[in-house]
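Here's the structure, in structure tokens; my notes come after.
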Amino acid sequence: MKPWHKFIDNIFTKVFSSKNQNKVERATLWLSMIGFIIHLFLIYAKKFNWFEISFESSLLIDPISAIYTPFSIILIYEIYLLVVNLPRSFTTSVSKQFEIISLILIRRIFADIPKIDLKANWMSTQENIQLIYDVLGVLIIFFLIFLFNKARSRLPKKPLNPNLQSFVASKKAVSLILLPILIITSCISVYNWVYGLLYLQVTSDINSIFYNEFFTILILADVLILLLSFQYTERYSQLIRNTGFVICTILIRLSFGVSGLTNVILIISSVAFGLIILSIYNMEENPIEKRGEHK
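One point on numbering: in my numbering, the residue at position 273 of the sequence shown is 355, and numbering is uninterrupted.
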């Protein structure tokens, strides 16, 4: 092991140790419960006029919307796990991205429930139609993620040669750089949203807060890892697979710039594209399947 490999590995092990991961997990659990209780309290405070709330939000209308807050906190934990798992493999990282975007879609359903008009013709309001898009989208994405993970489990196991060790060490360095950047970006995004809500009376789309920036940063990180992979492998199939996974992240990022059916289609397209890329890669690389073909 090269000296810089050992240095990066030691820092990564300390920062993302099992002890620290357990602390983050416990903190996520407690913050989720506290956030849910506070959100629920604010909803009833507004409903019964216990005190004046200086801003308007659809998230303060229906008690069901209180689920939005713990889901947001769980999403932050999922992003943390993405950073932790980034050095493992490109495929694992992309799978975690798909899980994150599916949770964002589920969270949006809870946010949109108060906007549903049950008295009107179900297909006559945009909010009702959007709920149908989101629910169907979640089901399709969940199934595609299942197929993706099933295909991922069939990937051939390869020995950790010196070139691969260098690549893993490089990805660990990317994770260590990515963590503080995401923490700072999330704090800035939340501050700008709160400031705009309280002082400027600007109600931006709460569903896209931070995640626009997050997936933009993730695209840059994926491209950096892709460029690093050129140094350690020249295999066409692996380069195409990694490039395809970067396209998946780009499609997810583009979905935040649109709404309605287009938004859901872009997300589904991202997961479906990743599944197709991985399936083709498996057919090319999996020696078990190749042996079966010659029998």
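Beta carbons are placed, not taken as given, at the ideal position from N, Cα and C, and that holds for glycine.
| C-beta contact flag for isoleucine 307 and isoleucine 263 at 9 Å | Contact: no.
| task | Return the first residue and the last residue of the alpha helix (DSSP H) that threonine 110 is part of. | result | Taken as a continuous stretch (DSSP letters only), the alpha helix (DSSP H) holding threonine 110 covers 100-129.
| What first and last residue would you give for the alpha helix (DSSP H) that runs through serine 184? | Per DSSP, the unbroken alpha helix (DSSP H) holding serine 184 starts and ends at 172-194.
| said: For a test of the three-state rule: what should DSSP assign to threonine 298, helix, strand or coil? | reply: Helix, per DSSP.
| Does the Cβ-Cβ distance between glutamate 209 and lysine 197 come in under 9 Å? | Note that the C-beta distance between glutamate 209 and lysine 197 is below 9 Å.
| query | Is valine 353 closer than 9 Å to alanine 303 when the C-beta atoms are compared? | reply | No, the pair does not count as a contact, with Cβ atoms beyond the cut-off.
| What separation, rounded to the nearest whole angstrom, lies between the Cα atoms of lysine 101 and arginine 108? | Inter-residue distance for lysine 101 and arginine 108 is about 11 Å (C-alpha atoms, whole angstroms).
| query | On the three-state DSSP scale, how would you describe proline 169? | reply | Looking at proline 169 - three-state DSSP - the assignment turns out to be coil, as it is neither helix nor strand.
| task | Grab the span of the alpha helix (DSSP H) containing glycine 342 for me, first residue to last. | result | Residues 342-367.
| request: State the DSSP-derived secondary structure class of leucine 260, mapped to helix, strand or coil. | output: Reduced to three states, the DSSP call for leucine 260 is helix.
| Residue closest to serine 268, alpha-carbon to alpha-carbon, out of Leu164, Tyr293 and Met115 | For the residues Leu164, Tyr293 and Met115, the minimum Cα distance to serine 268 belongs to Tyr293.
| task | With distances taken Cα to Cα, identify the nearest neighbour of lysine 178 among Ile270, Glu160, Pro169 and Arg236. | result | The alpha carbon of lysine 178 has as its nearest neighbour, out of Ile270, Glu160, Pro169 and Arg236, the alpha carbon of Glu160.
| said: So, under 8 Å CB-CB, aspartate 385 and leucine 187 are touching, yes? Tell me the CB distance rounded to an integer number of Å. | reply: Residue 385 lies beyond the stretch modelled for the chain, which goes from 83 to 377, so this question has no answer here.
| said: Quick check: the Cα distance between serine 361 and isoleucine 329, rounded to an integer number of angstroms? | reply: Straight-line Cα distance between these residues: approximately 16 Å.
| field | Delimiting residues of the alpha helix (DSSP H) encompassing glycine 339 | value | Run containing glycine 339: none; DSSP gives neither H nor E here.
| query | Relative to the C-alpha of leucine 213, which residue among Asn167, Asp194 and Ser154 is closest? | reply | The candidate whose alpha carbon is nearest that of leucine 213 is Asp194.
| query | In three-state DSSP terms, what is isoleucine 214? | reply | The answer is helix: DSSP assigns isoleucine 214 an H, G or I state.
| Spatial neighbours of isoleucine 146 in its chain, beta-carbon cut-off 8 Å, leaving aside the 5 residues before and after | Sequence-distant Cβ neighbours of isoleucine 146 in its own chain, meaning closer than 8 Å and more than five residues away, are Phe192, Ile195 and Pro196.
| Does the beta-carbon of histidine 376 have 16 or more other beta-carbons within 10 angstroms, so that it is buried, or is it exposed? | In this predicted model, histidine 376 has a pLDDT of only 46, less than 50, meaning its place in the structure is not dependable; the value taken from the coordinates is given anyway. Per the 10 Å Cβ criterion, exposed.
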